[in-house]
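Under the numbering used here, read the sequence shown as residues 29 to 233, first letter to last.
C-beta: ideal position from N, C-alpha, C; glycine also.
Predicted model, so just to flag it, every value in this text is computed and none were measured.
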Amino acid sequence: MSDLGKLLENNRRWADGIKTDDPEYFLRLSRQQRPDILWIGCADSRVPANQIIDLPPGEVFVHRNIANVIVPTDLNCLSVLQFAVQVLEVSDVIIVGHYGCGGIAAALEDADHGLIDNWLEHIKDVRRRHADELESLEGEARQDRLVELNVMTGVDRVCATTIVKKAWRQGQNLTVHGWVYSLKDGLVKPLGSRKAGQPPALTSF
């Protein structure tokens, strides 16, 4: 059996197992999705949103890219954010980075990585803004701190969007969080969060 054939077999076994336990599960799921959470995370295959927080399909709306970067001109990410906030009316937006992120490591290097360098420039901007702090650290500690700073920059950028500001003006219950996931132990570290009227995260982070 080919590798893809194995995947299809896995899918059938997974679906059959769920239907055995709950015959109406997929019928209910097909009718609507009502997640409370928008997860904006890294595309790294080791950081799967639902598994990390142990939630089933339909419970988490997910957007992922290299190094969980939030860019004010990224229509892909902004479209997901708008749908999550305005249509699904999620209560929590969580920007999730992870220690050991290859995108963060690449942004710390003075090397040519090709096309992705255009994307990494957004992380390098964070690196430049916090140069004094980062230069005081070495090796893994420096990389880990840039992971955290990139996440909290993402929190502030999400909060600065017209989408979130409009939701807050209208009294919508919405909180934006910054988390970091550890590949070494599987645990999440909360970095901070913002609600309506609160100052940018990095002023006190």
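Quick test of your reading: Gly125 and Val186, contact by CB under 8 Å. State the CB separation rounded to the nearest angstrom. With a Cβ gap of about 13 Å, Gly125 and Val186 do not count as contacting.
Q | Buried versus exposed call for Leu219 [16 or more other C-beta atoms within 10 Å across all chains shown] | A | buried
Taking just the CA atoms, how far does Ser58 sit from Pro85?
So the two alpha carbons sit approximately 11 Å from each other.
Rank Gln226, Thr203, Ile144, Ile122 by C-alpha distance to the C-alpha of Ile81 and give the top, closest one. Ile122
| DSSP beta-bridge partners for Thr181? | Partner(s): none; Thr181 has no beta bridge.
Does Thr231 come out as helix, strand or coil in the three-state DSSP assignment?
Any reading at Thr231 must be qualified, since the residue scores a pLDDT of 49, below 50, and its modelled position is unreliable; the value itself is stated next. Three-state DSSP puts Thr231 in a helix.
| query | Going straight from the alpha carbon of Gly130 to that of Ala95, what length do you get? | reply | 8 Å
Tell me the rounded alpha-carbon separation between Glu166 and Cys70.
23 Å
For the beta strand (DSSP E) containing Cys70, name the first residue and the last one. 65-70
Task: Cutoff 7 Å; reference Lys211; Cβ partners in own chain excluding five residues on either side - done: In the sequence as presented, Lys is not what sits at residue 211; that position holds Leu. The residues are Arg74, His126, Tyr127, Gly128.
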